[in-house]
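Data first, discussion second: the structure below is written as structure tokens.
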Amino acid sequence: MRRTWAAAVGTIGLAAAAAVASSPATASPPGAPTAADMHHAGTQPTGSRHTGGAFGPLDLGPAGLPETRTVQQVEPGVTWTRITRGAPDASVPWVVEVSIPSGASSPDPDAPPRAIQDEASARAFADRLTAAGFPAEAQQVLQPAVADVPAGVLGWRVRLTTTFGSQAQATAEAARLKAAGFSGRAWYAGWDGTSTAKGPWTVNVVTIDPRTFRGTLAGTFGPTIEARETPTWLSRYEKAKVAVNAGFFVLDPKAGAEGDPAGAGVYDGRLESEPVGTRPVLVLDPRARHTEVVRPTWRATVGLPSGRQVLDGLNRVPGLIRNCGGTADDQPTSLPLHDFTCTDADELVLFTPAYGANTPAGPGAEAVLDRSGRVVSVASTRGVALAPGQRSLQGTGAQAPLVAALRPGQRVGVQTALTDGRRPLSLPGAAVLNGGPELVRDGQVHVTQRQDGMVHPGEPSFAYGWVLQRNPRTFAGVDRAGRTLLVTVDGRQLGELGLSIPETAAVARSLGMVDAMNLDGGGSTAMVVRDELVSHPSDATGERPVGDAIVVR
Numbered sequence: 000m001r002r003t004w005a006a007a008v009g010t011i012g013l014a015a016a017a018a019v020a021s022s023p024a025t026a027s028p029p030g031a032p033t034a035a036d037m038h039h040a041g042t043q044p045t046g047s048r049h050t051g052g053a054f055g056p057l058d059l060g061p062a063g064l065p066e067t068r069t070v071q072q073v074e075p076g077v078t079w080t081r082i083t084r085g086a087p088d089a090s091v092p093w094v095v096e097v098s099i100p101s102g103a104s105s106p107d108p109d110a111p112p113r114a115i116q117d118e119a120s121a122r123a124f125a126d127r128l129t130a131a132g133f134p135a136e137a138q139q140v141l142q143p144a145v146a147d148v149p150a151g152v153l154g155w156r157v158r159l160t161t162t163f164g165s166q167a168q169a170t171a172e173a174a175r176l177k178a179a180g181f182s183g184r185a186w187y188a189g190w191d192g193t194s195t196a197k198g199p200w201t202v203n204v205v206t207i208d209p210r211t212f213r214g215t216l217a218g219t220f221g222p223t224i225e226a227r228e229t230p231t232w233l234s235r236y237e238k239a240k241v242a243v244n245a246g247f248f249v250l251d252p253k254a255g256a257e258g259d260p261a262g263a264g265v266y267d268g269r270l271e272s273e274p275v276g277t278r279p280v281l282v283l284d285p286r287a288r289h290t291e292v293v294r295p296t297w298r299a300t301v302g303l304p305s306g307r308q309v310l311d312g313l314n315r316v317p318g319l320i321r322n323c324g325g326t327a328d329d330q331p332t333s334l335p336l337h338d339f340t341c342t343d344a345d346e347l348v349l350f351t352p353a354y355g356a357n358t359p360a361g362p363g364a365e366a367v368l369d370r371s372g373r374v375v376s377v378a379s380t381r382g383v384a385l386a387p388g389q390r391s392l393q394g395t396g397a398q399a400p401l402v403a404a405l406r407p408g409q410r411v412g413v414q415t416a417l418t419d420g421r422r423p424l425s426l427p428g429a430a431v432l433n434g435g436p437e438l439v440r441d442g443q444v445h446v447t448q449r450q451d452g453m454v455h456p457g458e459p460s461f462a463y464g465w466v467l468q469r470n471p472r473t474f475a476g477v478d479r480a481g482r483t484l485l486v487t488v489d490g491r492q493l494g495e496l497g498l499s500i501p502e503t504a505a506v507a508r509s510l511g512m513v514d515a516m517n518l519d520g521g522g523s524t525a526m527v528v529r530d531e532l533v534s535h536p537s538d539a540t541g542e543r544p545v546g547d548a549i550v551v552r
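With numbering that gives the first Met the number 0, letter number 289 in the sequence shown gets 288, and the count goes up by one each step, no holes.
Written out as structure tokens, the structure reads:
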């Protein structure tokens, strides 16, 4: 029963490689099985059957890599499987990747330096670096074919031709480059999505089997929406046996209220956040019997004395639409655009007590409503404290006068509906969590990169870093037997390579999922089992506070 774990070697920051501290290769990660756990766990050969279902070899990295699997029963119907695949590959070097200024041939000559540019700009800059004493080459970056993006050339990157055996050497060369007036980063080539590195990867899988599960599967945002907590904290708050980070959320206060789900959110059957267009959502029922990945339909209106008006959002700062996908008058687009904040100066936004102690303050107007929708008070500015059972309607810009015209005693009829096109998704006890892109549909890899906003027009560097390079990932789905699978894959560390989005889809399918979708990843990726963090967060500061989580109670 002896188990050797691939140790994480330091952490990497969000934007660039940071300092890496070595750890012994045999060190146990947080949450690794102890001798006492072995009474309830077994080490399984690849492809063996266990209570969490039969998983074949992972479709990840070169074929034939060794895999070790350790399985624990957490509760009846709930198993945790830890899969380690491959081993550290000493042949994979560190490199220095250079930020490329826009040239005359660039689609946007005024854009700041980027990781990816057009071929002419990249080749010209590589020549310039070489002439300055930094031999460099332009390298083609290929976009693989996915469901809604054809295979092709995404763009060109520039890297120094000299490779390095350590991060320290690459970092020193990047510093020398900076002193010469250029910009670059030290980068481990194993984090490239096209790398043939032989590992290692750590994949944590929680499987919930509805045939024997007797607990509750739920989503939670903690005490309030406009606050963030770590998955470990949320696990203890909910007295959960398992917690996994869930949907995308607002991280920068300039994009709205920190912690606000950047997409649909239903918690214990209550709709608290509107979707991002038709981006996929993960639908969970409390008994884990009907886990689904669906594309929702959202309709919301408010009945005012001036007539029925479109409701722009729920529990978010008016004017700021994180990940876009809102109404037709949003700028610059009403389509999903990931990691981008669209704007709309003229909005109506509804707030519930779940939002927080006070609604967002600012210019506009706000009407407080009682449980029946009757107006309690009206203010000519925004920002109030809601009493239990109260809601409020905020108006900004051209919509503010509609709210300011309300009078106490008048009734405001609020109608909101999040459906799958046929039936409501906010059913009693249900959870709906946001994410994207889709990964697997009807048992086949189906990555909806463009539809879900992971293609930024005129900016190929976004897809390069977010889709094609390896990052920590969290994803979820359902297998053919109706079992719910919650998965995390560590990354951005020498001992944890992470996954590209195409690799994530391939792993989801090889785990037996027939429908699956990506959740928030990167520094947010975290899994907690029995109050212990069992994944390796990639942020230098450790586990990241998130907007919401999936919990098994």
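By construction, the Cβ of each residue, glycine as well, lies at the ideal position given by its N, Cα and C atoms.
Small disclaimer: the values here were computed from a predicted structure and weren't measured.
Buried or exposed by the 16-neighbour rule on C-beta atoms within 10 Å, applied to residue i
| i | result |
| --- | --- |
| Ser-47 | Per-residue confidence for Ser-47 stands at a pLDDT of 34, beneath the threshold of 50, marking its modelled position as unreliable; the derived number appears in the next sentence. Classification for Ser-47: exposed. |
| Asp-530 | exposed |
| Ala-188 | buried |
| Val-152 | exposed |
| Pro-111 | exposed |
| Asp-514 | buried |
| Pro-459 | buried |
| Leu-141 | exposed |
| Gly-557 | Any answer about residue 557 is impossible in this case: the structure gives the chain only from 0 up to 552. |
| Asn-314 | buried |
| Ser-182 | exposed |
| Pro-23 | With a pLDDT of only 31 at Pro-23, under 50, the local geometry of the prediction cannot be trusted, and no value is derived from it. |
| Arg-269 | exposed |
| Arg-373 | exposed |
| Ser-234 | buried |
| Gln-71 | buried |
| Gln-561 | This structure gives no information on residue 561, because the portion of the chain shown stretches from 0 to 552. |
Given residue i as reference, the closest of the options once Cα atoms are compared
| i | options | result |
| --- | --- | --- |
| Asp-451 | Ala-404, Leu-385, His-337 and Ala-515 | His-337 |
| Thr-195 | Val-477, Arg-469 and Asp-519 | Arg-469 |
| Pro-501 | Gly-435, Ala-525, His-535 and Asp-478 | Gly-435 |
| Gly-511 | Asp-478, Asn-517 and Pro-536 | Asp-478 |
| Asp-126 | Ile-99, Pro-112 and Asp-147 | Ile-99 |
| Glu-273 | Ala-429, Tyr-266, Glu-237 and Leu-417 | Leu-417 |
| Pro-92 | Leu-349, His-535, Asn-517 and Thr-160 | Thr-160 |
| Met-516 | Thr-524, Val-527, Phe-124 and Ala-504 | Ala-504 |
| Pro-359 | Gly-255, Gly-164, Ile-207 and Gly-221 | Gly-255 |
| Arg-421 | Trp-297, Gln-389 and Val-383 | Trp-297 |
| Glu-172 | Pro-544, Val-94 and Trp-465 | Val-94 |
| Arg-301 | Thr-219, Gln-398, Gly-154 and Ala-344 | Residue identity check: residue 301 is Val in the sequence provided, not Arg. Cα-wise, what sits closest to Val-301 is Gln-398. |
Reduced DSSP category for residue i - H, G, I as helix; E, B as strand; rest coil
| i | result |
| --- | --- |
| Tyr-463 | helix |
| Pro-260 | strand |
| Glu-118 | helix |
| Ala-150 | coil |
| Gly-420 | coil |
| Ala-40 | Any reading at Ala-40 must be qualified, since the residue scores a pLDDT of 40, below 50, and its modelled position is unreliable; the value itself is stated next. The answer is strand: DSSP assigns Ala-40 an E or B state. |
| Arg-543 | coil |
| Ile-500 | helix |
| Glu-66 | strand |
| Leu-553 | Beyond the ends of the chain as shown, which are 0 and 552, falls residue 553; an answer cannot be given. |
| Gln-166 | helix |
| Leu-405 | coil |
| Glu-74 | strand |
| Ala-217 | strand |
| Gln-398 | helix |
| Val-97 | strand |
| Val-506 | helix |
| Phe-181 | coil |
| Leu-128 | helix |
| Val-533 | coil |
| Ala-239 | coil |
Assumed close pair residue i, residue j - CB separation to whole angstroms, cut-off 8 Å
| i | j | result |
| --- | --- | --- |
| Val-275 | Val-77 | Wrong, their Cβ atoms sit about 30 Å apart, outside the cutoff. |
| Ser-391 | Leu-385 | 6 Å |
| Gly-60 | Lys-197 | 6 Å |
| Ile-224 | Tyr-354 | 5 Å |
| Leu-467 | Ser-499 | 5 Å |
| Trp-190 | Glu-96 | That pair is no contact at about 10 Å. |
| Phe-212 | Ala-287 | 5 Å |
Cross-strand partners of residue i (DSSP beta bridge)
| i | result |
| --- | --- |
| Pro-362 | Thr-380 |
| Ala-299 | Thr-415 |
| Met-516 | Glu-437 and Ala-475 |
| Leu-354 | According to the sequence as given, residue 354 is Tyr; it is not Leu. Bridge partners of Tyr-354: none, in fact. |
| Ile-224 | Paired residues: none, contrary to the question. |
| Gly-556 | For residue 556 there is no data in the structure shown, the boundaries of the chain being 0 and 552. |
The ligand GDP heavy atom lying under 7 Å from the CB of residue i
| i | result |
| --- | --- |
| Ala-62 | Questions concerning the ligand GDP fall outside what the structure shown contains, since it holds no ligand whatsoever. |
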